[in-house]
Amino acid sequence: MAGSFTAEAGAALVFLILYVFLLSYMTFMYARKRYEWKSRYSILYLHTTIRVASQACGLAFAILAWRNIDVFVAYLILSAEGYFSLTIAAYYFLKHYEIKHFGWSRLGPADHNEGGRKRFLQALSMVAVLMPWRFWDRNLLMIVDAWLIPANAIIIAGGSIMAGLNDKSKQLDPDDYNNRLNVSKGLRTAGQAVFLALTVLFILLYINAARKGRGLKHSSERTMSKTALAIFGIVGGMLLVRGIFGVLQAAVYSLSYSNPENYDGHGMKSRFTAIEYCLAVVPEFTAAFLLNMSYWSTAREPSVELIDPEDNATEFVRTNRGGHETEYAAEDKNSKYETVPKYTP
């Protein structure tokens with residue numbers, strides 16, 4: 000019987016409230032000008048907004064059950080978009096950390112003069128995938144974008160096909176049903192595998208940043224760096240849990256949205272709801288919350304001068320600039336990066 004308040008509805012409501020609280024907090028930080036719109040927080044703000052909409056759809060589906068299949072489709076699509084935006088946000092936060100502490104990052108340059116539209120078109124053109132050597136050392140985020148965008152698209156396509164299989168108003172013959180199920184499974188598994196691979200890449204880049212972070216000699220840099228790195232480590236772990244579950248949910252029928260045994264007349268069964276929220280929703284919310292909290296571990300950190308990532312110099316010397324130690328390439332002491340203002344967004 001549709002219309003009852005189930006465990007699924009309760010879980011959806013709890014996380015809807017949590018995400019509304021997080022969105023309100025971020026809005027307050029923007030209003031107080033502690034967050035800047037043209038910064039990594041804008042991607043996280045987008046993620047939080049999407050997750051509010053996703054949880055609202057999840058709550059609506061839990062109450063309406065199968066009376067409106069479009070709500071279920073919207074929930075699947077918005078969940079995929081939320082996962083996509085959170086993964087991108089994590090990379091941008093790590094990039095900011097590296098630029099702030101080391102002067103440069105192979106994830107990308109500090110400036111954003113190229114514009115978001117141009118970056119999106121470059122990633123969509125797949126140039127970064129076809130010629131990754133052009134971006135590996137100076138703009139790794141271009142490769143990440145170029146893989147995540149199509150992966151996100153095929154996850155949505157697979158999810159839409161899968162949702163159609165649960166529409167009881169459509170009578171499909173067994174062969175057609177199995178063909179659509181296999182196509183959906185293949186698309187979703189491939190897309191989730193790409194997300195998992197890029198999560199592993201994020202963790203490897205985090206480990207490299209942690210290794211370099213231990214070499215910071217200035218006491219304030221070292222203390223604040225440990226806090227930020229601890230946050231990124233937990234975020235990486237949460238994304239890994241989410242990524243592994245995403246692959247398993249796409250590949251293992253007992254965990255799949257397409258398995259009728261995971262539903263009853265009220266929507267998702269309690270067991271399936273618990274698995275879904277513990278291994279997907281909780282890790283995402285934890286990661287988003289911690290990335291927000293990283294502001295307080297980085298807001299007052301000293302920042303090093305920018306270093307040209309294309310400089311071939313290998314020797315670095317430390318000096319005191321602006322009251323704190325930093326390092327620059329010994330062969331490039333007089334470059335324009337000597338006078339560039341410290342990177343502090």
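Numbering-wise (numbering that gives the first Met the number 0), the sequence shown opens with residue 0 and increments by one. Each residue gets a CB set at the ideal place from its N, CA and C atoms; glycine is no exception. Please read these numbers as outputs of a predicted model, since none were measured by experiment.
In this chain, the alpha helix (DSSP H) harbouring A89 covers 68 to 101. In the DSSP annotation of this structure, the continuous segment of the alpha helix (DSSP H) that includes F27 starts and ends at 6 to 30. In this structure, the CA atom of G235 is about 17 Å from the CA atom of Y294. Inter-residue distance for A55 and R66 is about 16 Å (C-alpha atoms, whole angstroms).
With 16 or more neighbouring CB atoms inside 10 Å of its own CB, L186 falls in the buried class.
In this structure, the straight-line span from the alpha carbon of A196 to that of W146 is close to 10 Å. Spanning the alpha carbons of S269 and A6 requires a straight line of approximately 6 Å. DSSP places D174 in the helix class (H, G or I) of the three-state scheme. Of the residues assessed, D69 falls on the exposed side of the cut-off, its CB having fewer than 16 other CB atoms within 10 angstroms. The closest CA to that of R39, considering only V126, M130, G107, is found on G107. The C-alpha of H95 lies about 26 Å from the C-alpha of I243. Relative to T86, the option among N138, S23, I148 whose CA is nearest is I148.
As the crow flies, the alpha-carbon of F231 is around 8 Å from that of L289. Contact between T272 and A10 is confirmed by a C-beta separation of about 6 Å, below the 8 Å threshold.
Rounded to the nearest whole angstrom, the CA to CA distance from L58 to Y205 is 35 Å. Under the criterion of beta carbons closer than 8 Å, A88 and I42 qualify as touching, at roughly 4 Å. Using a 10 angstroms sphere on the CB of E260, the tally of other CB atoms stays under 16, which defines it as exposed.
The segment 148 to 162 and the segment 43 to 50 do not touch, with fewer than 3 CB-CB distances between them shorter than 8 Å.
DSSP, read as helix, strand or coil, puts G242 in helix. In the three-state reduction of the DSSP assignment, G107 falls in the coil class.
Assigned with DSSP and collapsed to three states, G264 falls in coil, not helix or strand. C-alpha of M28 to C-alpha of Y34: approximately 6 Å in a straight line. The three-state reading of DSSP puts V251 in coil, since its state is none of H, G, I, E or B. The beta-carbon separation of L164 and L139, rounded to 38 Å, does not stay under the 8 Å limit for a contact. Per the coordinates, the alpha-carbon of I154 lies some 10 Å from the alpha-carbon of E80. The Cβ neighbour count for V72, taken over all protein chains shown within 10 Å, is at least 16; the residue is labelled buried.
In the three-state DSSP reduction, R50 falls in the helix class (H, G or I). CA-CA distance, M141 to V199, rounds to 17 Å.
Sequence-distant Cβ neighbours of Y91 in its own chain, meaning closer than 7 Å and more than five residues away, are R39, I42.
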